[in-house]
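> The listed protein sequences derive, respectively, from chains C and G.
Position 8, counted from 1, in the first sequence is what the numbering used here calls 8; the numbers after and before it change by one each time, with no gaps.
Position 253, counted from 1, in the second sequence is what the numbering used here calls 253; the numbers after and before it change by one each time, with no gaps.
No residue lacks a Cβ here, since even glycine has one placed at the ideal position from N, Cα and C.
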Amino acid sequence: MEPMHCGKPRPRQVVVPLLRRDSIGASHHVLTFDCEQPLEAAPGQFAMVRGAQWGESPFLPRPMSILTAGRRPSILVKVVGEGTRRLASSEPGELFTVHAPLGVGWAPCPEDRVPVLVAGGVGVCPLVFLARGLTEQGRRAIALYGGRSAGDLPLDDELAEVTDLRIATEDGSLGQLGRVTVLLESAIEETKGRLKVYACGPRAMMARVVEMCRAADAPCEVSLETIMGCGYGVCLGCAVPKVGGGYLYACSEGPCVDGHAIAWES
Amino acid sequence: MRCDPSVKVGALTLKNPVLTASGTFGYGLEFEPYFDISALGAICTKGLSLLPRIGNAPPRICETASGMLNAIGLANIGVEAFCTDKLPSLRERNVTVVANIFATSIEDFAALARRLDREQGIAAIEVNISCPNVDKGGLEFGVDPQMAAAVTSAVKKVTKLPVWVKLSPEAGRIAVIARACEEAGADALCAINTIRGLAIDVQTWKPRLSNRTGGLSGPALKPIAIRMVWEVAKAVKVPVIGIGGVTCAEDAIEFMLAGATAVQVGSANFRDPLAAHKIAQGIVDYCERRAIDPRELIGKALL
């Protein structure tokens with residue numbers, strides 16, 4: 001039998017205990033799990049996570065971008081609904097099913113372009129993982145991080161360690177006043193358009209970032225955030241409209257995809 | 001005692017009574033990293049249409065209490081691509097394949113069956129007359145006994161393969177539809193498909209799904225499904241395959257006691273790729289503890 005995942009780590013579902021929960025303010029939490037067998041994952045890949053004791057509700061696991069891999073893999077949780085509320089209130093020792101690594105991670109950055117990471121809120125997670133990977137390869141990225149106010153920027157210190165970090169807040173409480181796209185304008189100028197953008201954040205932010213990259217003729221990858229049922233290509237619930245018609249599936253063709261291929265207006 | 005988990009669905013012998021439900025198992029090959037899918041009773045493919053379908057606009061799914069709503073809209077690669085790109089790999093792996101078919105006319109149902117009949121490696125055809133999430137060709141075949149019988153006999157006429165008909169819970173009296181399909185030649189009846197539901201976002205005041213309504217699946221559906229399997233099993237002589245919220249071996253056993261010869265695992269596959277495999281093993285464990293074969297469970301609660 002030909003393995004379909006040759007060269008790529010095989011996804012598997014394990015039941016593992018929560019090792020620790022680190023809360024960042026009221027709505028963001030880093031959950032770290034204790035895995036006997038190290039989780040092999042590439043930056044941008046994700047995990048489907050569900051409490052092993054949840055019973056039948058919430059019924060489905062939650063797609064969570066991977067923050068760190070290895071023996072102690074972690075995720076960043078922002079409370080948005082019942083599932084994430086349950087995740088965020090879990091205690092060390094509680095058991096979780098973790099199905100990972102799933103999806104397609106970030107593509108490499110061409111040697112002749114500067115990697116520019118554009119993060120909005122909880123979208124920072126796969127970009128911190130990416131920045132650490134780039135640092136290991138001896139490359140330093142520019143990171144642009146935006147949020148409504150200073151409290152909406154989890155993991156900003158972690159990002160600062162591995163990138164040239166610039167911050168924008170809409171209320172001016174930290175960094176430049178305004179949206180992250182203001183920072184991107186300067187970064188495009190600074191790099192004379194020789195940049196590759198990696199973006200993850202709210203849909204409107206990503207749409208605007210892609211538009212700016214198109215105008216600058218720069219490649220732009222985005223990590224899609226959608227509702228997912230299964231995370232591995234069988235429920236077909238995570239359809240995202242693409243340019244030219246039809247849909248792509250965020251779980252199996254993404255979550256990291258060419259931002260120029262997405263029909264943002266739909 | 002070691003039990004023999006095999007069951008017979010008409011002339012077809014399945015290794016065990018656990019199948020995977022159409023639309024929850026892709027084309028099977030997606031499960032290759034997790035386990036050997038040839039060990040399952042069978043896999044039912046994503047619903048195949050004559051031409052590829054892109055499916056409905058998102059959002060297509062939303063979670064509800066103990067289950068979920070979906071309105072995928074039968075997105076699939078089409079029967080031709082299935083036969084060319086998927087079936088050879090399934091055949092090579094000795095997977096028991098049940099091809100689920102969907103069409104908007106009786107002629108197209110027959111054309112699909114005729115096309116699949118030319119292929120090696122298909123164990124049965126499952127006729128979907130019960131999809132709630134498409135504009136045409138879903139429920140109208142499933143809620144009218146004459147239409148259901150007409151589709152069944154049209155498919156029967158053009159294939160040597162066993163023909164299973166997947167029934168809708170939305171038929172007023174499911175037993176009447178079941179009998180009509182049996183008389184038209186159905187070799188087995190599968191019950192049930194999802195039930196139409198609606199979820200509304202109280203922030204935006206809009207339905208959560210772009211299709212507005214969607215099919216309810218998961219444990220929330222199970223007691224209704226078991227009641228319907230029980231009604232169908234009492235009404236027909238052909239085997240019944242139970243579907244609806246099976247997440248563990250006990251659920252499957254409950255369906256069998258209600259008269260199902262086998263079960264299909266659906267939404268449970270979404271949260272655990274190994275769900276069907278574990279359920280099949282759980283049935284064996286249960287039967288070995290009681291020193292019985294799974295076949296002895298079938299219909300034991302039919303009073």
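Is there a C-beta anywhere in chain G that falls below 8 Å from the one on Glu56(C)?
Yes - at least one Cβ of chain G is within 8 Å of the one on Glu56(C).
> Which same chain residues end up closer than 7 Å to Ser66(G) when comparing Cβ atoms and leaving out the 5 residues on each side of it in sequence?
Cβ neighbours of Ser66(G) beyond the five flanking positions: Gly218, Pro219, Ala220.
> Taking only beta-carbon atoms, is Pro110(C) less than 8 Å away from chain G?
By this cut-off, Pro110(C) is not an interface position.
> Relative to chain G, which residues along the segment 227 to 246 of chain C have a C-beta separation below 9 Å, given in chain order?
Listed in sequence order: Ile227, Met228, Gly229, Cys230, Gly231, Tyr232, Gly233, Val234, Cys235, Leu236, Gly237, Cys238, Ala239, Val240, Pro241, Gly245, Gly246.
> By how many angstroms is the C-alpha of Ile72(G) removed from the C-alpha of Ile253(G)?
Roughly 29 Å separates the two Cα atoms.
> State yes or no: is the beta carbon of Pro11(C) nearer than 8 Å to at least one beta carbon in chain G?
Yes, its Cβ sits closer than 8 Å to a Cβ of chain G.
> Can you pull out the residues from the segment 260 to 283 of chain G whose beta carbon lies closer than 8 Å to at least one beta carbon of chain C?
If the cut-off is 8 Å between Cβ atoms, the segment 260 to 283 of chain G has Ser267, Asn269, Phe270, Arg271, Asp272, Pro273, Leu274 near chain C.
> Taking Ile122(G) as the reference, which of Ile226(G), Asp144(G), Asn94(G) has the closest Cα?
Of the candidates Ile226(G), Asp144(G), Asn94(G), the one whose C-alpha sits nearest the C-alpha of Ile122(G) is Asn94(G).
> Taking 8 Å as the CB-CB cut-off, is Arg85(C) touching chain G?
By this cut-off, Arg85(C) is not an interface position.
> So is Thr159(G) buried or exposed if we call it buried at 16+ other beta carbons inside 10 Å?
Result: buried.
> For Ala52(C), which residues of its own chain have a beta-carbon under 7 Å away from its beta-carbon, when the five flanking residues on both sides are left out?
Around Ala52(C): Val15, Leu95, Phe96, Thr97.
> Between the Cα of Trp264(C) and the Cα atoms of Cys230(C), Ser223(C), Met206(C), which residue gives the shortest distance?
Ranking Cys230(C), Ser223(C), Met206(C) by Cα distance to Trp264(C) puts Met206(C) first.
> Would you list the one or two residues that DSSP bridges to Met64(C)?
For Met64(C), which the question treats as bridged, DSSP gives the partners Ala47(C).
> If we require 3 or more residues per run, which beta strand (DSSP E) segments fall completely within the segment 55 to 94 of chain G?
Whole beta strand (DSSP E) segments, 3+ residues: 61 to 64, 67 to 70.
> Mapping DSSP to helix, strand and coil, what is Val209(C)?
Reduced to three states, the DSSP call for Val209(C) is helix.
> One question on the structure: do Cys44(G) and Asn100(G) come within less than 8 Å of each other, judged by their Cβ atoms?
A contact, by the Cβ cut-off of 8 Å.
> Within the 8 Å Cβ cut-off, does Phe46(C) reach chain G?
Taking Cβ atoms only, chain G never reaches closer than 8 Å to Phe46(C), which makes this a no.
> Do the segment 158 to 175 of chain C and the segment 116 to 132 of chain C meet, that is, are 3 or more Cβ pairs less than 8 Å apart?
The segment 158 to 175 of chain C is in contact with the segment 116 to 132 of chain C.
> Check the DSSP bridge columns for Ala143(C) and list the partner residues they point to.
Note: Ala143(C) sits in a beta bridge opposite Leu117(C), Leu165(C).
> How would you label Arg114(G), buried or exposed, when you count the other beta carbons within 10 angstroms and need 16 or more for buried?
Exposed is the call here.
> Tell me whether Lys237(G) sits in a helix, a strand or coil according to DSSP, three-state version.
Coil.
> Where do the N-terminal and C-terminal ends of the beta strand (DSSP E) with Thr213(G) fall, by residue?
Segment 213 to 217, the beta strand (DSSP E) holding Thr213(G).
> Taking Cys256(C) as the reference, give the member of Met212(C), Gly201(C), Arg140(C), Gly83(C) with the closest Cα.
For Cys256(C), the nearest C-alpha among the options comes from Gly201(C).
> Determine whether the Cβ of Asn128(G) lies closer than 8 Å to any Cβ atom of chain C.
Closer than 8 Å: no.
> Classify Cys287(G): buried if its beta carbon has 16 or more other beta carbons within 10 angstroms, exposed otherwise.
It is buried - the Cβ of Cys287(G) has at least 16 other Cβ atoms within 10 Å.
> Which same chain residues end up closer than 8 Å to Glu309(G) when comparing Cβ atoms and leaving out the 5 residues on each side of it in sequence?
Only positions 1 to 303 of chain G appear in this structure, which leaves residue 309(G) out of reach.
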